[in-house]
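Numbering (the numbering used here), first residue to last: 678 to 883.
The structure under discussion appears below in the form of structure tokens.
This is how it looks when you write it as structure tokens:
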């Protein structure tokens, strides 16, 4: 069964509609609902998996619609913070939060100027991170390096780039995993859905 529909049984259609508005604004290419539902499923499954980790809280950066954070909050996890620099997308995340009745903080901020300070036991989350300032691979590297230096638990879904093939994407995820293990992290590297090659990496130090 779809995890989106299972966790948000009364609100999944509203979430899809808001997600559709964000992904396909008027005058741009319109994405099929089938693809949008797969992308939402990835985000929800990511949040659901993270909810099983016994952390003291979660901080999602570059959160966009904040679906992983909303999922965590919907499943009852406390101390969830979602941050993005885009005020319009933050407003959409806030609208979903109000509709589903989730208890989490959503903040509009530039993490490159105001880097959040994680507390002991919290986990940093980044789903398909990108930035208006730097290229995606540089953002992924900076997040990984930051967490390795500080010893933070973190979880990332690397972006599948237009230049990627399934093989190249798999190799990049494997390379991230290897470097994290070399610095003492336990790593879960797993494909999220059958329809797309997208993987998550969850790195912990306890």
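From the three backbone atoms N, C-alpha and C, an ideal C-beta is built for every residue, glycine too.
In this text the structure is predicted, and so the values were computed from the model without any measurement.
If you compare alpha carbons, which of 706, 793, 846 and 815 is closest to residue 829?
793
Check residue 857 in the structure and name its three-state DSSP category.
helix
For residue 873 and chain C, any beta-carbon pair shorter than 7 Å?
Note that chain C does not occur in the displayed structure, where there is just one protein chain.
Can you tell me where the beta strand (DSSP E) with residue 750 in it begins and where it stops?
Careful: residue 750 lies outside any beta strand (DSSP E), inside the alpha helix (DSSP H) at 744-751.
Could you check whether residue 681 and residue 697 sit closer than 7 Å to each other, using their CB atoms as the reference points?
no
Cβ neighbours of residue 865 in the same chain (closer than 6 Å, five flanking residues each side left out)
879
Given residue 785 as reference, the closest of 777, 798, 779 and 771 once Cα atoms are compared
771
Contact defined as beta carbons within less than 8 Å: I believe residue 630 pairs with residue 692. What is the distance between those atoms, to the nearest angstrom?
Given a span of 678 to 883 for the chain in the structure shown, any question on residue 630 remains unanswerable.
Determine the burial state of residue 826: buried for a count of at least 16 other Cβ atoms within 10 Å of its Cβ, exposed for fewer.
exposed
Could you check the C-alpha separation between residue 700 and residue 707 for me, to the nearest Å?
8 Å
For residue 830, three-class secondary structure by DSSP:
strand
CA-to-CA distance, residue 679 to residue 752, given in whole angstroms
15 Å
Assuming contact is defined by CB atoms lying nearer than 7 Å, are residue 835 and residue 824 in contact in what I supplied?
no
Check the C-beta distance from residue 754 over to residue 723 and give it rounded, since I have them as a contact under 8 Å.
So it is not a contact: roughly 13 Å between Cβ atoms.
Uninterrupted beta strand (DSSP E) stretches inside the region 724-793 (no shorter than 3 residues):
734-738, 757-761 and 782-785
Buried versus exposed, by CB contacts within 10 Å (16 or more), residue 683:
exposed
Do the CB positions of residue 749 and residue 757 come within less than 7 Å of each other?
yes
Are residue 802 and residue 783 touching if we call contact CB-CB under 7 Å?
no
Would you kindly check if the distance between the Cβ of residue 695 and the Cβ of residue 805 is under 7 Å?
no
Tell me which same chain residues have a C-beta within less than 7 Å of the C-beta of residue 732, skipping the five on either side of it?
798, 799, 800 and 830
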